[in-house]
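Notes to accompany the following structure.
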Amino acid sequence: MRFLLDTEQHAFADTLNAMLTAADTPSVVRDWSRGEHASGRALWRRIAEAGVFALAVPEAYDGMGPLPVELTVVFVELGRHAVPGPLVETVAAAALLAALDDRAPAKRLLPALASGTSVATLATGPYTLDADMADVRLTLAAPAQALSARPAFEDKAPSGPKQGSGGGSPQDGTGRGGGGAASISGSAAGNSAPTELRLAPPPAGPPHLSLDPARRLFPTLRDGELLATVPHLTPALTWARLATAAQALGVGLALLDRTVTYVRQRTQFGVPIGSFQAVKHQLADAKIALEFARPLLFGAALTMTEQDVAAAKVTACEAAYATARTALQLHGAIGYTAEYDLSLWLTKARALRTAWGTPDECRAAVLSDGRRW
Amino acid sequence: MDLDFTPEQDAFRAEARTWLHAHVPSAPLPSLETEEGFAVHRAWESELAADRWSVVSWPSAYGGRDADIVRWLVFEEEYYAAGAPGRVSQNGISLLAPTLFDHGTEEQRARVLPSMATGEVIWAQAWSEPEAGSDLASLRSRAVRTNGGWLLSGQKTWSSRAAFADRAFGLFRSEPDTPKPHQGLTYLMFDLRAPGVTVRPIGRLDGKPAFAELFLDEVFVPDEDVIGEPGQGWRIAMSTAGNERGLMLRSPGRFLASADRLLKLWQSQGGPEHARNHVADALIGARAYQLFTYAAASRFLQGETLGPESSLNKVFWSEYDIALHETALDLLGPEGELTQSDWSEGYVFSLAGPVYAGTNEIQRDIIAERLLGLPKGRR
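Residue numbers (this note's numbering), protein chains in the order written: chain V, 745 to 1117; chain R, 543 to 921.
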């Protein structure tokens, strides 16, 4: 057992970190939030050239994956720099397409995803992230829903058959299906009827505004070319949750780092506020939360079990969110402004918490096989 | 990066499991914080030692199996999974023994360790004093030079297990007027039954005498029971403190087993919805702690030392342990307040976790100052 990253993996992270630092990602995010994608597209290509998307694509489709540990290393850095775009969705789309029995869609779509010439998004709920700029818009839905061309949020009935979930007994891992952007319930992954995978048309209208300005959410369109019927969503969900967890850890680490820098510089009562125990202890708690999320994350990348990945997802996202709350509190009023770049990480921490599985859904997935590790 | 065990490690796990399956008492032993329970737990230590399972990580010369840290973790996982008793020798094994390995003499190791391994001599710690808790370096108990040794005088308190233990170890001020409080301290071992020692047991929250006050009146300690150089006690003790907070005090196996018990309790009640997230958190926390420890062990095996990051560890497990037990008591409902419940002893014990081995406030200061680089301030 050697549960540590090796030298190459560290070097990969360092290279990416340096590249993203030089790329001035906050200004890219601000462009992106206005629907100006040129700088983001350029950054996407550079990330692809570094080999990032190829990590999720098998060699048979011009990738070098799947390599979950390396992908996790990468997504921590993407989160650390608040890189915009459907990063998680592209990775999840690659996992989904590669797992189809029919190899044709993968042959057709995956090489361009690996090279970064094509960007994918993937929706399982009412909203589709960055549908306006994505080249490949994948929608996963139960057939009954797919027959309707209406956005899912319009046909969200309070009761009735949906996502094929059972009654929600304590151990079956059911949660609220289809809630929130790009979310999918544990039940949909496990025991639902076959789901249709479609290539959706471009969005017709403007996006909904997310708290995270980098996340442009369009109503999910459930028509379009039928690519496959998918019996198992688990691979896509697992990859999406792993990548989201890694991104969240990176977001949390950046928030902690920025806040530590701030409290060392900001003086009140004649001393740096970081010398006060009330400030120190909040940051110590953030550090503890993030450092215990990290091993769960890499453990999940090694085992890729639903249970480990769900544990990593909820823990990393909650650690990042708790760190965001601390960061906001310790920055004071300046942290509450949209203009200050800290806001880009603060709002992302909130959005990632519910993306690809709410905390409750992830906890249910942890208990789903009825035993401990 | 991997989480794989070698065939040798798997074989070791199987051997430990087999032995434990054959030897672990079928019913829980009485609380080790009582006189009767203490004696039974001492006998259990002897049974462990007879087949060299009491101190697997020690050299075989002292009764161990030369197990590296991974094997130690494997043993602990099996030990607690088997429902084996609490370790009455814990303080000696996890605090004093590492100090003797690092700072003691060969003669001291040969004299002290074998009887520690068998439970024949059980050790208590003697750190805190009435006016020296978190600010341990302000301690005032004295060690005064005499012919062939030292005379100890003063008062120690919150001495875990001292009500029934045989010997103790701690810090004493051997040089009265040093410029800084942590200078001039000496690390000594002494006999709790020596002339001049008075042990007054203290009832912890549930009344059991889990710790004691020690009154010392010119207690003679021979030179052979000084660890390291006189005056260097602080530095020596701090290396022990790292062990206490870090890897050696609370193994992941303990929490994995507790989380498993909690899961079974929840399932036996039909898996009530209201407790689901708390139960999930207990499982997740145990897994996080296991993997965190595997990472620390991996760093240790490649030659790194465990420094202030052991404070992350200590805050995590101590808070985790309380949350887990609170979930269990909540699930028990009206039975939860009864001291006869299976969870009561563990709950009361868990409450002390954020206080002993350096309070969690001190740990958070260490994290903030040494890991995050924040400036020192007034405590």
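Where a beta carbon is used, it is the ideal one built from N, C-alpha and C, also for glycine.
Residue i bridges to which residues according to DSSP?
i, result
"valine 890/R", "In the DSSP output, where bridge partners are listed per residue, valine 890/R has none listed."
"glutamate 671/R", "Ala674/R"
"histidine 952/V", "Leu961/V"
"phenylalanine 842/R", "None; phenylalanine 842/R has no bridge partner."
"glutamate 969/V", "Leu943/V"
"leucine 748/V", "Note: leucine 748/V sits in no beta bridge, so no partner."
"glycine 696/R", "Leu758/R"
"leucine 884/V", "Leu941/V"
"threonine 688/R", "Gly691/R"
"isoleucine 769/R", "Tyr729/R"
"leucine 844/V", "According to DSSP, which records beta bridges pairwise, leucine 844/V is partnered with nothing at all."
"threonine 1011/V", "Pro1016/V"
"alanine 666/R", "Ala710/R"
"proline 764/R", "Gly691/R"
"phenylalanine 580/R", "DSSP, once it has assigned bridges, lists no residue as partnering phenylalanine 580/R."
"valine 974/V", "Thr939/V"
"glycine 809/V", "Pro802/V"
"phenylalanine 943/R", "There is simply no residue 943/R to check, as chain R begins at 543 and stops at 921 in what is shown."
Could you give the DSSP three-state label for residue i: helix, strand or coil?
i, result
"proline 1039/V", "helix"
"proline 963/V", "strand"
"isoleucine 793/R", "The amino acid occupying residue 793/R in the given sequence is serine; isoleucine does not appear at that position. Here serine 793/R sits in coil by DSSP."
"aspartate 719/R", "coil"
"tyrosine 898/R", "coil"
"valine 597/R", "coil"
"methionine 543/R", "coil"
"aspartate 759/R", "strand"
"alanine 864/V", "strand"
"glutamine 774/R", "strand"
"tyrosine 871/V", "strand"
"proline 627/R", "coil"
"proline 849/V", "helix"
"valine 566/R", "coil"
Leaving out five residues on either side along the sequence, give the residues of the same chain with a beta carbon under 7 angstroms from the beta carbon of residue i.
i, result
"leucine 1096/V", "Thr988, Gln991, Ala992, Val995, Cys1061 and Ala1064"
"aspartate 759/R", "Ser695 and Gly738"
"glutamate 587/R", "Ser596, Val630, Ser631, Thr660 and Gly661"
"serine 1087/V", "Thr1081"
"alanine 856/V", "Ser862"
"aspartate 593/R", "Trp561"
"valine 582/R", "Leu571 and Pro572"
Short of 6 angstroms in beta carbon distance, which residues of its chain neighbour residue i, apart from the five on each side in sequence? Order them along the chain.
i, result
"threonine 1091/V", "Leu955 and Asp956"
"valine 827/V", "Thr769"
"alanine 694/V", "The structure shown does not extend to residue 694/V, since chain V spans only 745 to 1117, so no value can be given for it."
"tryptophan 776/V", "Gly784, Pro828 and Ala958"
"arginine 746/R", "Ala752"
"leucine 1059/V", "Position check: residue 1059/V holds threonine in this sequence, whereas leucine was assumed. Cβ neighbours of threonine 1059/V beyond the five flanking positions: Ala1037 and Leu1040."
So, at 8 angstroms on beta carbons, what are the nonlocal neighbours of residue i in its own chain, with the 5 sequence-adjacent residues on each side left out?
i, result
"proline 914/V", "Annotation note: pLDDT 35 at proline 914/V (below 50); position unreliable, coordinate value reported separately. Taken in chain order, the residues that qualify are Leu1111."
"proline 601/R", "Asp608"
"proline 945/V", "Arg881, Leu965, Asp967 and Gly968"
"glycine 919/R", "none"
Considering only heavy atoms of the ligand MN, does any lie closer than 7 angstroms to the CB of residue i?
i, result
"asparagine 689/R", "For the structure depicted, the ligand MN is absent and the ligand set is empty, with no information on it obtainable."
If contact means a Cβ-Cβ distance below 7 angstroms, which residues of the stretch 544-577 of chain R contact chain V?
Asp544, Leu545, Asp546 and Phe547
With 7 angstroms as the limit, tell me which residues of the stretch 834-865 of chain R have their beta carbon closer than that to any beta carbon of chain V; keep them in chain order.
Phe834, Tyr836, Ala837, Ser840, Arg841, Leu854, Val857 and Phe858
Please list the segments of the alpha helix (DSSP H) lying wholly inside the stretch 700-745 of chain R, counting only runs of 4 or more residues, in order along the chain.
none
Please list the residues of the stretch 855-880 of chain V that have a C-beta atom closer than 7 angstroms to any C-beta atom in chain R, keeping them in chain order.
none
Counting only Cβ-Cβ distances shorter than 8 angstroms, please list the residues of the stretch 1049-1061 of chain V near chain R, keeping chain order.
Asp1052, Ala1055, Val1058 and Thr1059
With 7 angstroms as the C-beta to C-beta threshold (strictly closer), list the residues of the stretch 794-810 of chain V near chain R in chain order.
none
Taking Cβ-Cβ distances below 7 angstroms as the criterion, which residues of the stretch 734-745 of chain R are in contact with chain V?
none
In the stretch 1002-1018 of chain V, which residues sit with their C-beta less than 8 angstroms from some C-beta in chain R, listed in chain order?
Val1004, Val1007, Arg1008, Val1015, Pro1016 and Gly1018
Members of the stretch 873-889 of chain R that neighbour chain V once the beta carbon cut-off is set at 8 angstroms
none
Under 8 angstroms, CB to CB, which of the residues in the stretch 670-684 of chain R have a partner in chain V?
none
Please go through the stretch 1069-1099 of chain V and give each complete alpha helix (DSSP H) segment of 4 or more residues, from N-terminal end onward.
1086-1098
Below 7 angstroms between beta carbons is the criterion; list the residues of the stretch 1030-1041 of chain V that meet it against any residue of chain R, in chain order.
Lys1031, Ile1032, Glu1035, Phe1036, Pro1039 and Leu1040
For the stretch 747-781 of chain V, which residues have a CB atom closer than 9 angstroms to at least one CB atom of chain R, in sequence order?
Phe747, Leu748, Leu749, Asp750 and Gln753
Residues, ordered as in the chain, of the stretch 605-618 of chain R that lie near chain V by beta-carbon distance below 8 angstroms
Val612
Output, in sequence order along the chain, the residues in the stretch 904-920 of chain R whose CB is closer than 9 angstroms to any CB in chain V.
Gln905, Arg906, Asp907, Ile908, Ile909, Ala910, Glu911, Leu913, Leu914, Gly915, Leu916, Pro917, Lys918, Gly919 and Arg920
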